[in-house]
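Note that the working numbering gives residue 615 to position 9 of the sequence shown, counting from 1, and the numbers run on in steps of one. Every residue, glycine too, gets a C-beta built ideally from N, C-alpha and C.
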Amino acid sequence: MKITVKTLKGWEMDCEISSNDDVLVLMQQVEVKEGTSINRQKLSFQGQILQQGNTISSYNIQEGSRIYLISDLL
607 MKITVKTLKG WEMDCEISSN DDVLVLMQQV EVKEGTSINR QKLSFQGQIL
657 QQGNTISSYN IQEGSRIYLI SDLL
């Protein structure tokens with residue numbers, strides 16, 4: 607399924623993931639497309655921070671969902 611990841615600067619990227627994928631798969635795609643390393647990423651969906659080890663479906667993320675990338679500035 608296709609979802610959109612939006613940065614705080616307003617940049618958007620499309621990512622292809624499966625509902626059974628670990629959040630880490632999405633983070634890897636963001637790292638390649640946007641350049642923010644996985645350990646500096648926080649991904650937010652409907653007020654929840656996505657955690658590695660959980661599946662995409664565990665957050666009820668569906669086709670067309672928008673996820674926000676919050677970079678760790680430290």
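One question on the structure: do residue i and residue j come within less than 9 Å of each other, judged by their Cβ atoms?
i	j	result
valine 611	arginine 672	yes
isoleucine 623	isoleucine 644	no
aspartate 620	isoleucine 662	no
Residue i by DSSP, collapsed to three states: which one?
i	result
lysine 639	helix
isoleucine 564	A query on residue 564 cannot be resolved here, the shown segment of the chain reaching from 607 to 680 and no further.
methionine 607	coil
isoleucine 662	helix
Following the continuous beta strand (DSSP E) through residue i, name the residue where it begins and the one where it ends.
i	result
arginine 672	672–677
leucine 649	647–651
Going straight from the alpha carbon of residue i to that of residue j, what length do you get?
i	j	result
tyrosine 665	tyrosine 674	14 Å
phenylalanine 651	glutamine 634	17 Å
glutamine 658	glutamate 669	20 Å
leucine 649	isoleucine 676	6 Å
glycine 653	valine 638	24 Å
glutamate 618	valine 636	10 Å
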